[in-house]
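Undergrad: Counted from 1, the sequence shown has number 123 at position 119 by the working numbering; the numbering is strictly sequential.
Each residue gets a CB set at the ideal place from its N, CA and C atoms; glycine is no exception.
For clarity, every value in this text was computed on a predicted model and none was experimentally measured.
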Amino acid sequence: MTSVEPQRGITLRFLAEPTDVNFGGKVHGGAVMKWIDQAGYTCAAGWNGTYCVTVYLGGLHFLGPIRVGELVELRALVIRTGRTSLDIAIDVYAGDPKSPERRRTGHCVVVFVAIGPDGRPTGVRPWRPESELDLALEGYAVRLAGLRKQMDAEMEERLKASG
Ligand SMILES: CC(C)(COP(=O)(O)OP(=O)(O)OC[C@H]1O[C@@H](n2cnc3c(N)ncnc32)[C@H](O)[C@@H]1OP(=O)(O)O)[C@@H](O)C(=O)NCCC(=O)NCCS
Numbered sequence: 005m006t007s008v009e010p011q012r013g014i015t016l017r018f019l020a021e022p023t024d025v026n027f028g029g030k031v032h033g034g035a036v037m038k039w040i041d042q043a044g045y046t047c048a049a050g051w052n053g054t055y056c057v058t059v060y061l062g063g064l065h066f067l068g069p070i071r072v073g074e075l076v077e078l079r080a081l082v083i084r085t086g087r088t089s090l091d092i093a094i095d096v097y098a099g100d101p102k103s104p105e106r107r108r109t110g111h112c113v114v115v116f117v118a119i120g121p122d123g124r125p126t127g128v129r130p131w132r133p134e135s136e137l138d139l140a141l142e143g144y145a146v147r148l149a150g151l152r153k154q155m156d157a158e159m160e161e162r163l164k165a166s167g
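1) Which residues neighbour ligand 1 when neighbourhood means a C-beta less than 5 Å away from any of its non-hydrogen atoms? List them by chain order.
2) Relative to the C-alpha of tyrosine 55, which candidate in Arg87, Pro125, Glu105 and Leu151 has its C-alpha closest?
3) Secondary structure at proline 22, three-state DSSP: helix, strand or coil?
4) What do you get for glycine 110, buried or exposed, if any count of 16 or more other CB atoms within 10 angstroms of its CB means buried?
5) Fully enclosed by the region 131-165, which alpha helix (DSSP H) runs are 4 residues long or longer?
6) In whole angstroms, give me the CA-to-CA distance for glycine 50 and valine 57.
7) Who are the near neighbours of arginine 17 in its chain, counting only those whose CB is closer than 8 Å to its CB and skipping five residues on each side?
8) Going by other Cβ atoms of all chains shown within 10 Å of its Cβ, with 16 needed for buried, is leucine 67 buried or exposed?
Laid out in structure tokens, this is it:
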């Protein structure tokens, strides 16, 4: 068997079905979030070769609606690795399956933690940025993490203060 380098990015595709519809007749945000998690997991587990769990979803922005019957494409990419965690950027695209054209309908960053056989966080295979775009994406993940920590700390303070 030939050895194959783990892939930094993967793409998953789903067909938006009538069961995915919301009360406004478009695809439910929750359905898109499930696909985001599935694409992120596939990317993280494939990169690290271990089971991974979702710990954080940040910067989720739905840019436009997706219609039932459209092909939904989730492009997932490793953009930062830590000691036991890794950040996966997910871009969501949609379009008519009869056409090659796709429009970007959403994006976010999902943080996964690699889990070892003992059920505890385990080491992550390092990824190093090479291009300017890589550096920008890694910087975006680092800034999102900084914001998250700041907001978590503020909320902790408020909860403590309120007893
Ligand atoms: C994943 C889990 C085992 C980590 O446990 P923990 O006690 O927080 O472990 P650690 O403190 O050692 O942190 C592990 C890593 O997670 C990262 N992490 C923890 N909480 C985080 C958060 N809210 N956002 C981003 N990263 C986070 C830490 O920064 C650390 O990363 P690093 O090693 O790269 O620096 C635990 O948080 C857990 O079980 N979470 C639930 C996961 C789950 O069930 N997901 C599905 C939800 S439906």
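TA: Considering the structure as presented:
1) Residues with a Cβ closer than 5 Å to any heavy atom of ligand 1, in chain order: Val57, Thr58, Val59, Tyr60, Gly86, Arg87, Thr88, Ser89, Val115, Val117 and Pro125.
2) Within the sequence shown, residue 55 is the residue found at index 51, counting from 1. Checked all of Arg87, Pro125, Glu105 and Leu151; the closest Cα to tyrosine 55 is Pro125.
3) Here residue 22 corresponds to residue number 18 of the sequence shown, with the count starting at 1. The answer is helix: DSSP assigns proline 22 an H, G or I state.
4) As a working note, residue 110 is residue 106 in the sequence shown. So glycine 110 counts as buried.
5) 136-165
6) For the purposes of this step, residue 50 is taken as the residue at position 46 of the sequence shown. For the purposes of this step, residue 57 is taken as the residue at position 53 of the sequence shown. C-alpha separation (whole angstroms): 13 Å.
7) Here the question's residue 17 lines up with position 13 in the sequence shown. Closer than 8 Å at Cβ, skipping near neighbours: Leu75, Val76, Glu77 and Leu78.
8) Within the sequence shown, the letter at position 63 stands for residue 67. Exposed is the call here.
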